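Step one of this worksheet: look at the structure below.
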Amino acid sequence: MKRTVLILYFLSYYKVTICLRVVGVTVPALKQRGEAATLGCDFDLEGGKLYSVKWYRDNEEFYRFMPRLRPPQHAHKVDGIKVDMDKSSARRVHLKELSLKSRGLYRCEVSKEAPSFHSAQAEAFMEVNYFPRESPRVSGHERPYSPGEPLDVNCSARSFPPAELQWHIDGQKVSERSWLIPYGTQPAASQGLMVSTLGLRAPAHPLMQLSCIALMGTLRRERTVIVEINSSSTKKAFGLTVLTLLGVNIRFYDKIL
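With full-length UniProt numbering, the residue at position 99 of the sequence shown is 99, and numbering never jumps.
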């Protein structure tokens, strides 16, 4: 008899402890700085009562929902986290004004009421980027070059994470590695951004158009410059006439896509 009661107890306990499932979390994989994000937590109590829903960013709790309390919501002060309480509930939490510090691993933990207080959890990572609308900065193109003289130009762009930089000459991407000088990345002076820099050391030729392109996912920034080439007075006059007729600025122009 005692054995039967013990078995029934364990079967009953087992049934209680499994009647909670976190089906999954909905966390945006990528957001831009300054945007808002809604995080969802889908759970199934399977007949049980909810004790609490807690949200963590990198193991630091920033929001909880407990039906027994009045009010049921509470937000903790965490760097990079701003909870919009009016748009948050047991199954979702709304974050506003995301910053670069908002990136991290987000975890939803759901607990059931007594007697089991069984809990289940799920997590997902959210990346936060920032890609300023400013064009990459190009330097070294201002001075005149002689035909065949190696260029000495650099391109730099601010972003987070570091953007991919490309050089194009007359519309063609530079793939010759010996012409490219990767300088890596350095922290920017402010805003928590990184500065990527890529040099170009290619032979110069007349009417040379250089484009530096910064890429981050589907976002793109571009700056195009025209390099001045020294040549004979006849060629120089002809070149200036052609450029004037075409209305081309031989110095520099910006383009942001």
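Glycine included, every Cβ here is placed at the ideal spot set by N, Cα and C.
Keep in mind it's a predicted model, so treat the numbers as computed, not measured.
Would a C-beta distance cut-off of 8 Å place L95 and A37 closer than the cut-off? Reading the sequence shown from its first residue, position 95 is the one you call residue 95. Reading the sequence shown from its first residue, position 37 is the one you call residue 37. In contact: L95 and A37 (Cβ atoms closer than 8 Å).
Are the CB atoms of L210 and S159 within a distance shorter than 8 Å? By 1-based counting over the sequence shown, the position of residue 159 is 159. By 1-based counting over the sequence shown, the position of residue 210 is 210. Going by C-beta atoms, S159 is not nearer than 8 Å to L210.
Check whether the stretch 172 to 180 touches the stretch 198 to 216, counting contact only when three or more Cβ pairs, one atom from each stretch, lie closer than 8 Å. yes
I need the DSSP call for M85, collapsed to helix, strand or coil. Here residue 85 corresponds to residue number 85 of the sequence shown, with the count starting at 1. Looking at M85 - three-state DSSP - the assignment turns out to be helix.
With the cut-off set at 8 Å, would you say P144 and N230 are in Cβ contact? By one-based count along the sequence shown, residue 144 stands at place 144. By one-based count along the sequence shown, residue 230 stands at place 230. A contact, by the Cβ cut-off of 8 Å.
Could you check if F43 is buried or exposed, using at least 16 other CB atoms within 10 Å of its CB as the buried criterion? In the sequence shown, the residue the question calls residue 43 occupies position 43. It is buried - the Cβ of F43 has at least 16 other Cβ atoms within 10 Å.
Whole-angstrom distance between Q73 and C108, CA atom to CA atom: Counting from 1 along the sequence shown, the entry for residue 108 is found at position 108. Counting from 1 along the sequence shown, the entry for residue 73 is found at position 73. Going by the C-alpha atoms only, they are around 15 Å apart.
In chain order, what residues of the same chain lie with their CB nearer than 8 Å to the CB of A120, ignoring the 5 residues before and after it? Within the sequence shown, the letter at position 120 stands for residue 120. The residues are L20, R21, V22, F43, E109 and V110.
My assumption, with CB atoms under 8 Å, is that M66 sits in contact with S52. Please give the rounded CB distance. Sequence index remark: in the sequence shown, residue 66 carries index 66 (1-based). Sequence index remark: in the sequence shown, residue 52 carries index 52 (1-based). Right, their Cβ atoms sit about 5 Å apart.
Quick check: what's the CA-CA separation for T234 versus V138? By 1-based counting over the sequence shown, the position of residue 234 is 234. By 1-based counting over the sequence shown, the position of residue 138 is 138. Per-residue confidence for T234 stands at a pLDDT of 31, beneath the threshold of 50, marking its modelled position as unreliable; the derived number appears in the next sentence. T234 and V138: Cα-Cα distance of roughly 30 Å.
Please state the DSSP three-state secondary structure of K112. As a first step, residue 112 is located in the sequence shown; it is residue number 112 there, counting from the start. The answer is strand: DSSP assigns K112 an E or B state.
Cβ separation of W55 and V93, assumed to be a contact under 8 Å, to the nearest whole Å: For the purposes of this step, residue 55 is taken as the residue at position 55 of the sequence shown. For the purposes of this step, residue 93 is taken as the residue at position 93 of the sequence shown. Their Cβ separation, rounded to whole angstroms, is 5 Å, which keeps W55 and V93 in contact under 8 Å.
By DSSP's criteria, Q166 is part of a beta bridge. Which residues make up the other side? What you label residue 166 is simply residue 166 of the sequence shown in a count that begins at 1. Its beta-bridge partners are I213.
Give a yes or no on whether the C-beta atoms belonging to L100 and Y130 are separated by under 8 Å. Reading the sequence shown from its first residue, position 100 is the one you call residue 100. Reading the sequence shown from its first residue, position 130 is the one you call residue 130. Yes, they are a contact pair.
Give the secondary structure of L100 by DSSP, where H, G and I count as helix, E and B as strand, and everything else as coil. For the purposes of this step, residue 100 is taken as the residue at position 100 of the sequence shown. If DSSP states are grouped into helix, strand and coil, L100 belongs with the helices.
Can you tell me whether DSSP reads S139 as helix, strand or coil? As a working note, residue 139 is residue 139 in the sequence shown. Strand.
Provide the residue span of the beta strand (DSSP E) that contains D44, from first to last. Counted from its first residue, the sequence shown places residue 44 at position 44. Start and end: A37 to D44.
For the beta strand (DSSP E) that V128 lies in, which residues bound it at each end? Within the sequence shown, residue 128 is the residue found at index 128, counting from 1. S119 to N129 is the span of the beta strand (DSSP E), which, as asked, contains V128.
So, helix, strand or coil for S178, using DSSP? In the sequence shown, residue 178 corresponds to position 178, counting from 1. Three-state DSSP puts S178 in a helix.
Rounded straight-line distance, which links the Cα of N154 to that of Y183: One-based indexing of the sequence shown puts residue 183 at position 183. One-based indexing of the sequence shown puts residue 154 at position 154. The alpha-carbon atoms of Y183 and N154 are separated by roughly 9 Å.
Taking the alpha carbon of R68 as the reference point, which residue from G80, L45, E113 and P187 has its own alpha carbon closest? For the purposes of this step, residue 68 is taken as residue 68 along the sequence shown, with counting starting at 1. With distances taken between Cα atoms, R68 lies closest to E113.
Counting only the same chain and skipping the five closest in sequence on each side, list residues whose C-beta sits under 6 Å from that of A90. The residue given as residue 90 occupies position 90 in the sequence shown. Contacts found: V53 and F65.
Classify P150 as buried or exposed, calling it buried when 16 or more other Cβ atoms lie within 10 Å of its own Cβ. As a first step, residue 150 is located in the sequence shown; it is residue number 150 there, counting from the start. By the neighbour-count rule (16 or more Cβ atoms within 10 Å), P150 is not buried but exposed.
Out of A29, V225 and D152, point me to the one whose CA is closest to S135's CA. For the purposes of this step, residue 135 is identified with residue 135 of the sequence shown, where counting begins at 1. For S135, the nearest C-alpha among the options comes from V225.
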